[in-house]
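Input: a single structure, listed below in structure tokens.
Number of protein chains: 2
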Amino acid sequence: MSNSKSPKLPNTAYAVLGILSMGDGFSGYEIRKWAETLRFFYWSPAQSQIYAELRRLAKLGLATSEEIPQEGKPDKRVYQITDAGRETFRTWINNQPLEPIVMKHSLALRLFFGQEAEEGRLEELLIQFIAEIKEGLAQLYIVEEFMEHHPQFSHQSLVALWGQNFYKAELATAEEVLARLREKN
Amino acid sequence: MSNSKSPKLPNTAYAVLGILSMGDGFSGYEIRKWAETLRFFYWSPAQSQIYAELRRLAKLGLATSEEIPQEGKPDKRVYQITDAGRETFRTWINNQPLEPIVMKHSLALRLFFGQEAEEGRLEELLIQFIAEIKEGLAQLYIVEEFMEHHPQFSHQSLVALWGQNFYKAELATAEEVLARLREKN
DNA sequence: ATATGCATGTAATGGGTTACATGATTGT
DNA sequence: ACAATCATGTAACCCATTACATGCATAT
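Written as structure tokens, this is what we have:
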């Protein structure tokens, strides 16, 4: 079923493959929880999309899919990466060039067009943003702490550190911008 | 043609509306150039998408569209924001809640799954990334300098500052992570 | 000669979202 | 009682990308 040469897949598929490569057997539900951590640095697809990607990977022979009957819960479908899947993933990580960072910063967009905002609106948004960032930072600390206690996650904890630095920088910038806006009035 | 209540639009449409609100009359081509600056903090849609959004705005009565004959060049279609369009834009900026930051950081994704990478691959990617960030920073300095000489762009220059801080933080983090990877070997 | 800038548009494809549908178990 | 967790899936929709198509003027 698998193509001889690694097929070209959307990045979401590689992310799912990558998660599958970290253990032996995940349900869609478990993948989804990992994806929630990933959202700090990469993406956060809808649940339906994760299931769709898993089905695609299975169809391409990059993962096996097995139905596990369960009592008291709906049946679980467990996906496992195949040799072809691991090969595809390695080809991606070792050969696919970096893409430019994509950022959708909804506050920056509003700030950019701030001349159309009401008096005080931007300050309000910045204060709200600062609170959200602090919340995100707290979550990242928890993620990193967990990973530091599990040596097999050394790369993942490196990325948690990356996220922390990003959030700290966002915090500092938001405070700087807020101060500038206030001193203009 | 315009709805009595502001219609709900995709963010790309608001971004285009916002650019239209900054002057009186833009061609799709000019919008596109502004969008290229926006990409540092928000988004970078395909050319065809910008033209599609402009047509949508015109159909909704949020912008007027006028064909300007030109010699030696293809005709130009100039779009101008209407009162209804400005109203829609203000409603958006003043009432629409912030959305969470969306980030697609292709390097972080690879780093996260670094256990599958070949010896030296991550270092190679980091070095490449650092070069790209430096290039981006240089461009942002140019953008900010331009805007600081034009007082009507004070909000825009604030966002250019935001972008600089982001890029500087990325640079520092990339160097830190590179150092950590090297000391592990 | 060749590339870049100006200038707009269509067609095919697909990645991804939102909403809906179902249902038992466990914790508050 | 109610919310959260576990667990998967379908249907409708559309935003967005890629590729293609055209063509003159100007700079290298």
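So the protein sequences, as listed, match chains A and B. Everything in the first sequence is counted per this note's numbering, starting at 619 for the first residue and increasing by one. Everything in the second sequence is counted per this note's numbering, starting at 619 for the first residue and increasing by one. Using N, Cα and C, we set each Cβ at its ideal position, and we do this for glycine too.
Where residue 683 of chain A falls, given that 16 or more other Cβ within 10 Å makes a residue buried: Counting from 1 along the first sequence, the entry for residue 683 of chain A is found at position 65. Exposed.
For residue 624 of chain B, the residue or residues it bridges with in DSSP: One-based indexing of the second sequence puts residue 624 of chain B at position 6. Checking the DSSP bridge columns, you'll see residue 624 of chain B has no partner listed.
Backbone CA spacing between residue 742 of chain A and residue 718 of chain B [nearest angstrom]: Your numbering for residue 742 of chain A matches position 124 in the first sequence. Your numbering for residue 718 of chain B matches position 100 in the second sequence. When rounded, the distance between both Cα atoms is 16 Å.
Cβ shell of residue 620 of chain B (< 7 Å), same chain only, five flanking positions each side left out: The residue given as residue 620 of chain B occupies position 2 in the second sequence. Legend: pLDDT at residue 620 of chain B = 41, less than 50; position of this residue unreliable, value from coordinates given subsequently. So the qualifying residues of the chain are 678, 679, 680, 702.
Residue 802 of chain A - DSSP class collapsed to helix/strand/coil: Mapped onto the first sequence, residue 802 of chain A falls at position 184. Residue 802 of chain A falls in the coil class under three-state DSSP.
Span of the beta strand (DSSP E) around residue 695 of chain B: For the purposes of this step, residue 695 of chain B is identified with residue 77 of the second sequence, where counting begins at 1. That run of the beta strand (DSSP E) goes 694-699.
Continuous beta strand (DSSP E) stretch holding residue 750 of chain A: start and end: Sequence index remark: in the first sequence, residue 750 of chain A carries index 132 (1-based). Residue 750 of chain A -> not in any beta strand (DSSP E); alpha helix (DSSP H) instead, spanning 739-766.
Beta carbon proximity, residue 773 of chain B to chain A, threshold 8 Å: As a first step, residue 773 of chain B must be located in the second sequence, where it is residue number 155. Residue 773 of chain B counts as touching chain A.
Burial state of residue 774 of chain A, where buried means 16 or more other Cβ atoms lie within 10 Å: Working through the first sequence from its first residue, we reach residue 774 of chain A at position 156. Under this definition residue 774 of chain A is a buried residue.
Chain A residues whose Cβ lies nearer than 9 Å to that of residue 735 of chain B: Position 117 of the second sequence holds residue 735 of chain B. Correct list: 708, 711, 712, 773.
Rounded C-alpha distance that separates residue 776 of chain A from residue 795 of chain B: As a first step, residue 776 of chain A is located in the first sequence; it is residue number 158 there, counting from the start. As a first step, residue 795 of chain B is located in the second sequence; it is residue number 177 there, counting from the start. Rounded to the nearest whole angstrom, the CA to CA distance from residue 776 of chain A to residue 795 of chain B is 7 Å.
Neighbouring residues, chain B, relative to residue 633 of chain A (Cβ below 7 Å): As a first step, residue 633 of chain A must be located in the first sequence, where it is residue number 15. Chain B residues near residue 633 of chain A: 727.
Pair within 8 Å by beta-carbon distance, residue 697 of chain A and residue 751 of chain A: Here residue 697 of chain A refers to the residue found at position 79 of the first sequence. Here residue 751 of chain A refers to the residue found at position 133 of the first sequence. Result no, Cβ atoms of residue 697 of chain A and residue 751 of chain A do not sit closer than 8 Å.
Distance CB(residue 711 of chain A)-CB(residue 734 of chain B) smaller than 8 Å: By 1-based counting over the first sequence, the position of residue 711 of chain A is 93. By 1-based counting over the second sequence, the position of residue 734 of chain B is 116. In this structure, residue 711 of chain A places its C-beta atom within 8 Å of the C-beta atom of residue 734 of chain B.
Endpoints, beta strand (DSSP E) assigned at residue 722 of chain A: As a working note, residue 722 of chain A is residue 104 in the first sequence. First-last of the beta strand (DSSP E) with residue 722 of chain A: 720-722.
Identified DSSP bridge partners for residue 616 of chain B: For chain B, the structure presents residues 619 to 803; residue 616 of chain B sits outside this window and is missing.
At least three beta-carbon pairs within less than 8 Å, the segment 721-737 of chain B to the segment 648-661 of chain A: yes
Below-8 Å beta-carbon distance, residue 764 of chain B vs any chain A residue: Residue 764 of chain B sits at position 146 when you count from the first residue of the second sequence. No - not a single Cβ of chain A is within 8 Å of the one on residue 764 of chain B.
Selected residue, minimal CA-CA separation from residue 595 of chain A, among A:714, A:781, A:744: Residue 595 of chain A lies beyond the range of chain A shown here (619 to 803); nothing can be said about it.
Option in A:636, A:692, A:686 with minimal Cα separation from residue 704 of chain A: Walking along the first sequence from the start, residue 704 of chain A turns up at place 86. When each option's Cα is compared against that of residue 704 of chain A, the closest is A:636.
Nearest to residue 802 of chain A (by Cα), restricted to the options B:772, B:667, B:780, B:649: Translated into the one-based positions of the first sequence, residue 802 of chain A becomes position 184. Closest by alpha carbon: B:772.
Classification of residue 749 of chain B by the beta-carbon crowding that lies within 10 angstroms, buried from 16 upward: The residue you call residue 749 of chain B lines up with position 131 of the second sequence. The residue is exposed, with fewer than 16 neighbouring Cβ atoms inside 10 Å.
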